[in-house]
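Undergrad: After the structure tokens below, expect a handful of questions from me.
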Amino acid sequence: MFDRKVELIYTAAMKLSYTQDKQFPQTHLKFNVLLDECLRTLFPNEEYILDNLKNITRKDKSYTVSYNKGYLAYHTCDTNWLAKYLEMAYNHLQSLKTTRLNPQEQTALTKKIPFSYIRNYVETSPKFDALRSQYEQKLVGAYIQLTQDNKKDDFFTKSIVKIADAQHPQYERLLRDRFVAAMQHLGMDKFRAETGIELNAHLWRDNARFQTFLNNFRKYDMRNLTGSKGLMARYYPSVWAMLVNMGEQLYEKWSQLAEYNYYQQHRRIIDQLGTANSHMLISEDKAAKLEKEVESMQFSFECMLFKATQKIEQITNKTQNGIEK
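What follows is the structure, encoded as structure tokens:
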């Protein structure tokens with residue numbers, strides 16, 4: 135009799151275990167499908183992101199219980215906030231689905247998902263993480279565009295700082311550091327910020343590098359010396375052509391060396407993304423040789439600039455004397 139009771143208890147336990155084991159993954163699969171449906175409306179497009187960044191302020195970061203896309207930029211790495219944001223999006227989507235149904239149908243369709251499960255989904259879902267990463271890349275790209283407008287303040291940097299940075303001989307480095315700092319201010323971790331910076335390199339690096347190059351010669355009046363509408367082009371076109379040609383040759387070499395040095399500083403993230411180019415991957419010996427070439431060419435170029443400057447001074451003096459007479 136006792137053995138029979140033990141057998142019945144064991145059989146019942148096995149049935150319960152079997153049912154739970156079968157139902158648990160099915161329930162989770164249904165929850166995942168329901169939450170996946172919300173993702174298409176969770177992350178805004180590039181146009182909205184750019185407009186939003188133009189209007190947010192540092193104070194907005196303190197509004198931690200406002201769960202809407204206007205504050206998403208501040209919470210891309212905040213799991214609890216993202217889970218609450220997703221929960222509200224899910225509830226909204228469910229309410230839209232049940233609007234035209236009768237009460238019984240509404241009850242059958244509506245499925246309550248525990249917050250703990252939504253939070254786990256945010257932490258582990260590859261689909262969620264992929265879309266969040268895309269959003270972060272667009273966010274970084276939008277800020278890159280926004281902060282290069284030196285005439286306007288943005289949520290992180292004043293116009294006066296932008297103007298000063300744009301004249302600095304290390305402008306490229308300062309600008310990249312600003313991108314990272316601004317994203318960290320929003321709450322994004324450094325790795326994700328740098329990922330966005332490298333994937334959006336086409337939006338900033340060429341322009342910043344050329345400006346950095348020009349800043350190395352800021353003691354010279356480059357607009358009049360090498361500008362197509364400057365005094366050299368007007369009064370000494372042959373000398374102007376030589377200056378422009380020499381400047382272009384120097385910049386080509388200088389830029390190649392800058393690429394190599396940039397890679398040395400940021401190779402970890404560049405290697406992970408696989409975005410290194412041929413100039414970044416030259417050997418140490420070639421880099422040393424290139425550095426000597428750049429130094430020699432830069433010395434020659436500065437000598438040309440100095441002589442050309444004297445010619446401009448002569449033109450200026452003649453013009454002023456002509457006016458005085």
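Here the working numbering is used: the first residue of the sequence shown is 135, the next is one more, and so on.
We treat Cβ as the ideally placed atom computed from N, Cα and C, and that holds for glycine.
Because the structure is a prediction, the values reported are computed rather than measured.
How about N384 and T360: are their beta carbons less than 8 Å apart?
TA: Reading off the sequence, residue 384 comes out as Leu, not Asn. No, the pair does not count as a contact, with Cβ atoms beyond the cut-off.
Undergrad: For T453, count neighbouring C-beta atoms within 10 Å of its own C-beta (all shown protein chains included) and say buried if the count is 16 or more, exposed if not.
TA: It counts as exposed.
Undergrad: My understanding is that A442 touches M366, with C-beta atoms under 8 Å, so please give their C-beta distance in whole angstroms.
TA: Correct: roughly 6 Å between the Cβ atoms.
Undergrad: Helix, strand or coil: which one does DSSP assign to Y305?
TA: Y305: helix per DSSP, three-state reduction.
Undergrad: Please say whether Q304 and T346 have beta carbons closer to each other than 8 Å?
TA: Yes, they are a contact pair.
Undergrad: Once the 5 residues before and after D288 are set aside, which same chain residues still bring their CB inside 6 Å of it?
TA: Only L280, T281 meet the Cβ criterion.
Undergrad: Which value, in whole angstroms, describes the spacing of the CA atoms of D419 and W388?
TA: Going by the C-alpha atoms only, they are around 16 Å apart.
Undergrad: So, at 7 Å on beta carbons, what are the nonlocal neighbours of L220 in its own chain, with the 5 sequence-adjacent residues on each side left out?
TA: Around L220: L169, C172, L176, I252, V256.
Undergrad: Drop a sphere of 10 angstroms on the beta-carbon of T145, count the other beta-carbons inside from all chains shown, and report buried for 16 or more, exposed for fewer.
TA: Confidence in T145 is poor, its pLDDT being 46 and thus under 50, which makes the residue's placement unreliable; the coordinate value appears in the next sentence. T145 should be labelled exposed.
Undergrad: What residue range is occupied by the uninterrupted alpha helix (DSSP H) comprising P371?
TA: Residues 371-407.
Undergrad: By the DSSP assignment, the alpha helix (DSSP H) with T291 in it spans what residues?
TA: T291 -> no alpha helix (DSSP H), and no H or E assigned at all.
Undergrad: Which residues in the same chain as D323 place their Cβ atom closer than 6 Å to its Cβ, once the five residues preceding and following it in sequence are excluded?
TA: Answer for D323: C211, listed in chain order.
Undergrad: Note the first and the last residue of the continuous alpha helix (DSSP H) segment covering Q268.
TA: Where Q268 is concerned, the enclosing alpha helix (DSSP H) stretches over 260-281.
Undergrad: State whether the segment 339-356 contacts the segment 302-322, with contact taken as three or more CB pairs (one from each stretch) at a distance under 8 Å.
TA: With a cut-off of 8 Å, the segment 302-322 and the segment 339-356 count as touching, because enough Cβ pairs lie within range.
Undergrad: Could you check if L216 is buried or exposed, using at least 16 other CB atoms within 10 Å of its CB as the buried criterion?
TA: When all chains shown are included, L216 counts as buried.
Undergrad: Please check the pair I297 and F313, which I expect to be a contact at CB under 8 Å, by giving their CB distance rounded to whole angstroms.
TA: About 17 Å; that fails the 8 Å criterion.
Undergrad: Would you report the Cα separation of N395 and G321, rounded to the nearest angstrom?
TA: Distance between the alpha carbons of N395 and G321: 29 Å.
Undergrad: Return helix, strand or coil for D340, following the three-state DSSP convention.
TA: It is helical.
Undergrad: Please tell me whether Q104 and H413 are closer than 8 Å, where the distance is taken between their beta carbons.
TA: The requested residue 104 does not occur in the structure, where the chain is confined to residues 135 to 459.
Undergrad: Look up L320 in the DSSP assignment and say whether it is helix, strand or coil.
TA: Looking at L320 - three-state DSSP - the assignment turns out to be helix.
Undergrad: Only counting the same chain, and skipping five residues up and downstream in sequence, which positions put a Cβ closer than 8 Å to that of Q271?
TA: Contacts found: T329, G330, L333, N334.
Undergrad: Can the beta-carbon of A327 be found closer than 8 Å to that of F290?
TA: Cβ atoms of A327 and F290: not closer than 8 Å.
Undergrad: Which two residues bound the contiguous alpha helix (DSSP H) that contains T360?
TA: Here the alpha helix (DSSP H) through T360 covers 356-360.
Undergrad: Start and end of the alpha helix (DSSP H) containing R192?
TA: Neither: R192 is in no alpha helix (DSSP H) and is coded neither H nor E.
Undergrad: Going by the beta-carbon positions, is the gap between N411 and E393 smaller than 8 Å?
TA: For N411 and E393, yes; Cβs fall inside 8 Å.
Undergrad: Residues in the same chain with beta-carbon distance under 8 Å from Q268, minus the five sequence neighbours each way, listed in chain order, please.
TA: Same-chain partners within the cutoff: F177.
Undergrad: Nearest to I416 by CA position, among N350, Y397, H336, A207, is which residue?
TA: Measuring from the Cα of I416, the nearest candidate turns out to be Y397.
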